[in-house]
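Taking it in order: structure first as structure tokens, then the write-up.
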Amino acid sequence: MLLRHTTKDIKERKSLTINPAKTCQPVGAMYAALGIHGCLPHSHGSQGCCSYHRSALTRHYKEPIMAATSSFTEGSSVFGGQSNLIQAIDNIFTIYEPEVIAVHSTCLSETIGDDLTQIVEKARDGGKIPEGKHVIFCNTPSYIGSHVTGYSNMVSGMVKLLSKSTGVTNDKINLISGWVEPSDMREVKRMANLMGANFTLFPDTSDVVDAPQTGSYEMYPKGGTTIPDLIASGDNKATLAFGKWATEDAAIKLENKCKVPFEATELPIGVRATDRFIMELSKLAEVGIPEAITAERGRLVDMITDMQQYLHGKRVALFGDPDQLIPLVEFLLDMNMKPVYIVSGTPGKKMHKRLEELLLPTVPEAKFQNGKGADMYLLHQWIKNEGVDLLIGNSYGKYIARDENIPFLRMGFPILDRVGHSYFPTLGYMGGLRILEKILDLIMDKQDLESSEPEFELVM
Amino acid sequence: MSTDNKTNMFPDSSDLIEEILNKYPSKVAKKRAKSLVTNDPEIDQEIQSNIRTIPGIITQRGCCYAGCKGVILGPTRDIINIVHGPIGCSFYAWLTRRNQTDAGPDGENYMNYCFSTDMQDTNIVFGGEKKLEEAIREAYEIFKPHSIGVFSTCPIGLIGDDVHAVSRKMKEELDINIFGFSCEGYKGVSQSAGHHIANNGIFKHVVGLNNTDPGGKFKLNLLGEYNIGGDSFVLEKYFEEMGITLVSTFSGNSTMSQFENAHMADLNAVMCHRSINYIAEMLEKKHGIPWIKINFIGADATAKSLRKIAKYFEDEELMAKTEEIIAREMLEVQATIEDVKSRTEGKLCMMYVGGSRAHHYQELFGEIGMRTISAGYEFGHRDDYEGRKVLDSIKIDADSRNIEELDIVKDEANWRDDLVAKKTSLEDKGYGFSEYEGMMPDMEKNSLVIDDISHWETEKLIEYYKPDIIGAGIKEKYVIQKYGVPLKQLHSYDYGGPYAGFKGAVNFYNDIDKMVNTKIWGLIPPPWKNEPELVAKMADTAY
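Listed in order, the protein sequences are those of chains A and B.
In case it helps, our numbering puts the first sequence at residues 8 to 467.
In case it helps, our numbering puts the second sequence at residues 118 to 660.
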């Protein structure tokens, strides 16, 4: 057994986290920054942070993930990291020539109290930021929130430091993307274009972390939201932020700063969350919902009706991030599946409340927890006490799945051992079809593998 | 790049170095210039290494914690490693190195678990010692482990939580071995500082706790072998067949019990000099056990290393058995080389990795006729490049001074006079101990040696040399492959391997053959690239 020391016996833990269902802020900030065109993310801390985050993102995308670090030493930890960051900014603009550097802090620079606003000002005053180039930044202390918080903070940083209002409103809306795959961002753009919406999507990692093989390396691939578009976001007529944990803060900041009204929705995963997203998009962009979208929705509902029998009553355990888990739970419920166990290391009371709303009416036995104490060890113990038919989460779930012989759907971050997530979306109705196809493959493959010879079926 | 047609010599790289440095701000150029050396194996050359990375330059390097927890302690299965800090440090070191281990069906194995105190902002403000204490207690109550290790991270060092004091207290309370490491990420200049801190910690708290004779005629410790992709498993089989008792491996496929017993060995064989030479040195100072440098990467290197170990024990039967194994294994090695070499001969490789791998893997590439035109370490020291002969001339700077040097005294009760005498007698016969010549003397004239390579330098090198393959890590992998140049991960082996020993060499030759000769690179340009009419039509309809 891979997790041979995990037992049914659940003991209360106050201080020890085992097998976390989250990681720390900076990796989210780094990922969000990659969604700006011509951006080099920069980690203001020890080298290890930058190295770990680049490695995690590289393993997840199988793509180049470039970022620089302030390379703190013991000396800089004592005397402050100002000179390291100013030197880094100078070196990066000289050697790597990005349009923008997106700096995020770390627990190290936060603990010693480095003031990024002041340091970047000093770099500007010292002539280290070339004309027309930008340095944006955000605070991402690793001891608050999770990787999702870090993503949110960097997106808010884009608004805080780039968005401007000229007083003239554009006939355009902002789509602020939650932490999703480049495939999902591409899918959102496809749907919005299909609806004839005029929009700016940010951040946008499509064509950045899914770049084609051309035989030549581009340090700044063609994708990413451009700086002029980010600046102009303050003039757009409305904002639709999808994925509240990752984007609502930025939408609020944009409203406060530039008076752009906003709606925040859940990520469009499954039927109803996508319905709400499409309707909000239609309302804010002032465009109709075309037949093509209605047909996509119909195809998804059609497949669910056709395959009901394989889904009904199946018990599911999930771990991951609130923005994905909430609409996913709703989607599973709509398919008459039973999400019985849910954990997320990302804190926030709203998640618990929303899951209660969703689960209490039909799956009152469900156990769910987020924030403190909500780790994969606890999830595994719940499963040991009463099993499930399906496990959904990032690659770390494979250890539980193998020990307990549970079909395992990889969704979330990081996916280190399979490919496809960066190319095929899980958002929108088409994404719903993909999730459903994967779930059915897993459930039906298990049936094919385990059914007795007389019961083995050709047609299913 | 091509070599000089007449002499087959590598070209002088001074133009390239100049072009690289020209891009840098002058202070940076001045500093980097000392870390780029055009090699001449005939003369002594100094290379600047183990110094601070320049902020913003885009380095491969990681941190002290990664070297301590990730590299050295990570591969040991019967210890619960609690990372004291925010969640990320423990998360990123969770199963991301490929240290395999064999705990049997019901042995203790915590390597698939991740333990953290998950420090929150209130803990940072008010201190986290109580939380750490409680976390250790909870880990003990749930798992009853053999030992618990505690790892300090950046903010912990800054707020002044004393992981050593907490460990001592809990060791007393719980009556199992518990010890801490001050391996905050900002210590030193790379992972290397963490190796040293880990070596010190294991030596101080674990080695020597158990005086039981492990038995057997020939007792060996294997140092600096981490069982990536099952490398140790290959080597363990050879030792077993030779009748050698492997007392401990630091730290592939290892247990704490093995470390406790390590001082009962007769010889220390050091594989990765950079990460583990400290333990070898300390075992000799304290117990009189000599050490030799060996290398199991490469078939010839494996044969030489096995012979060197056998020779040490001065036993005819052992030496005969060793020759028998070598002869048997070399059959497959030679047959594979014969097949593969026809497709790999003359191809060029570059390697930027680790603190010994960039040296060791040159052997493997060489065996299939591939030449190393450039190489460098990520976290090596001058002795890893130039040989241990320069040890005394290395200046200790502020970053190294912060890493503790243990004061080792002779352990009279467990002192091996017999081994000291054996060392002297073998030395008289020309047998070399405590030697490592470093990488540079083994590299060709005009090859380019680069320490702590930057992304910019990597780009220029690819353009200039047009290598057939590069060996580096995950962060470099897809960058370099976008150029159409295959990259072999030499930390994780691209999830293949094992690459150690004779079996490993065969695996490596075949894997490299596949990589440099795969057809896919030829499919990169689309067939319509040279048919402008087709391209134009498509562009029109697409936009």
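Virtual Cβ for every residue (Gly too), placed ideally from N, Cα, C.
Neighbour-count burial assignment, residue i, 16 or more Cβ in a 10 Å radius
i, result
"residue 409 of chain A", "exposed"
"residue 657 of chain B", "Residue confidence for residue 657 of chain B is low, a pLDDT of 46 falling below 50, so the modelled location carries little weight and cannot support an answer."
"residue 216 of chain B", "buried"
"residue 448 of chain B", "exposed"
"residue 132 of chain B", "exposed"
"residue 522 of chain B", "exposed"
"residue 120 of chain A", "exposed"
"residue 392 of chain A", "exposed"
"residue 333 of chain B", "exposed"
"residue 430 of chain A", "exposed"
"residue 200 of chain A", "exposed"
"residue 280 of chain A", "buried"
"residue 91 of chain A", "buried"
"residue 459 of chain B", "exposed"
"residue 392 of chain B", "buried"
"residue 119 of chain B", "For residue 119 of chain B, the predicted structure reports a pLDDT of 49, less than 50, and the residue's modelled location is therefore unreliable. The matter cannot be settled from this model."
"residue 456 of chain A", "exposed"
Extent of the continuous beta strand (DSSP E) to which residue i belongs
i, result
"residue 310 of chain A", "Unbroken run through residue 310 of chain A is the alpha helix (DSSP H), 298 to 318; no beta strand (DSSP E)."
"residue 470 of chain B", "Run containing residue 470 of chain B: none; DSSP gives neither H nor E here."
"residue 408 of chain B", "408 to 410"
"residue 230 of chain B", "Counting along the chain, residue 230 of chain B falls outside any beta strand (DSSP E), and DSSP gives it neither H nor E."
"residue 44 of chain A", "Counting along the chain, residue 44 of chain A falls outside any beta strand (DSSP E), and DSSP gives it neither H nor E."
"residue 605 of chain B", "604 to 606"
"residue 109 of chain A", "107 to 112"
"residue 700 of chain B", "Only positions 118 to 660 of chain B appear in this structure, which leaves residue 700 of chain B out of reach."
"residue 85 of chain A", "Note, residue 85 of chain A: premise wrong, no beta strand (DSSP E); alpha helix (DSSP H) at 81 to 86."
Beta carbon of residue i nearer than 7 angstroms to that of residue j
i, j, result
"residue 585 of chain B", "residue 464 of chain B", "yes"
"residue 109 of chain A", "residue 143 of chain A", "yes"
"residue 632 of chain B", "residue 603 of chain B", "yes"
"residue 621 of chain B", "residue 188 of chain B", "no"
"residue 165 of chain A", "residue 274 of chain A", "no"
"residue 154 of chain B", "residue 470 of chain B", "no"
"residue 494 of chain B", "residue 390 of chain B", "no"
"residue 261 of chain A", "residue 170 of chain A", "yes"
"residue 189 of chain A", "residue 216 of chain A", "yes"
"residue 278 of chain B", "residue 245 of chain B", "yes"
"residue 209 of chain B", "residue 59 of chain A", "yes"
"residue 98 of chain A", "residue 173 of chain B", "yes"
"residue 294 of chain A", "residue 239 of chain A", "no"
"residue 238 of chain B", "residue 151 of chain A", "yes"
"residue 507 of chain B", "residue 514 of chain B", "no"
Chain-order list of residues whose beta-carbon lies under 7 angstroms from that of residue i (same chain, five-residue window excluded)
i, result
"residue 537 of chain B", "405"
"residue 230 of chain B", "none"
"residue 437 of chain A", "194 and 303"
Extent of the continuous alpha helix (DSSP H) to which residue i belongs
i, result
"residue 342 of chain B", "Note, residue 342 of chain B: premise wrong, no alpha helix (DSSP H); beta strand (DSSP E) at 335 to 342."
"residue 206 of chain B", "204 to 209"
"residue 134 of chain B", "131 to 139"
"residue 503 of chain B", "499 to 503"
"residue 384 of chain A", "383 to 392"
Contacts around residue i, its chain only, beta-carbon distance under 8 angstroms, and the 5 residues preceding and following it disregarded
i, result
"residue 254 of chain A", "159, 162, 183, 184, 185, 248 and 271"
"residue 100 of chain A", "108, 135, 136, 137 and 140"
"residue 377 of chain B", "323, 324, 325, 326 and 327"
"residue 256 of chain B", "197, 199, 232, 262 and 265"
"residue 124 of chain A", "144"
"residue 173 of chain A", "241 and 242"
Close Cβ partners of residue i (< 6 angstroms) along its chain, the five nearest in sequence each way excluded
i, result
"residue 389 of chain A", "348 and 374"
"residue 375 of chain B", "365"
"residue 336 of chain B", "362, 364, 382 and 383"
Contacts of residue i in chain D (Cβ-Cβ under 7 angstroms)
i, result
"residue 406 of chain A", "In the structure shown, chain D does not exist; the protein chains are A and B."
Only counting runs of 4 or more residues, tell me where the alpha helix (DSSP H) segments fall wholly within the stretch 280 to 320 of chain B, in order along the chain.
Entirely contained in the stretch 280 to 320 of chain B, the alpha helix (DSSP H) runs reaching 4 residues are, in chain order, 280 to 291.
Going along the chain, which unbroken runs of the beta strand (DSSP E) with 3 or more residues stay wholly within the stretch 427 to 492 of chain B?
You should have 465 to 469.
Segments of 4+ residues assigned as alpha helix (DSSP H) that fall wholly inside the stretch 561 to 596 of chain B:
Counting only runs of 4 or more, we get 572 to 582.
To test your reading of the DSSP string, which unbroken beta strand (DSSP E) runs of 3 or more residues are found completely within the stretch 130 to 155 of chain A?
Counting only runs of 3 or more, we get 141 to 145.
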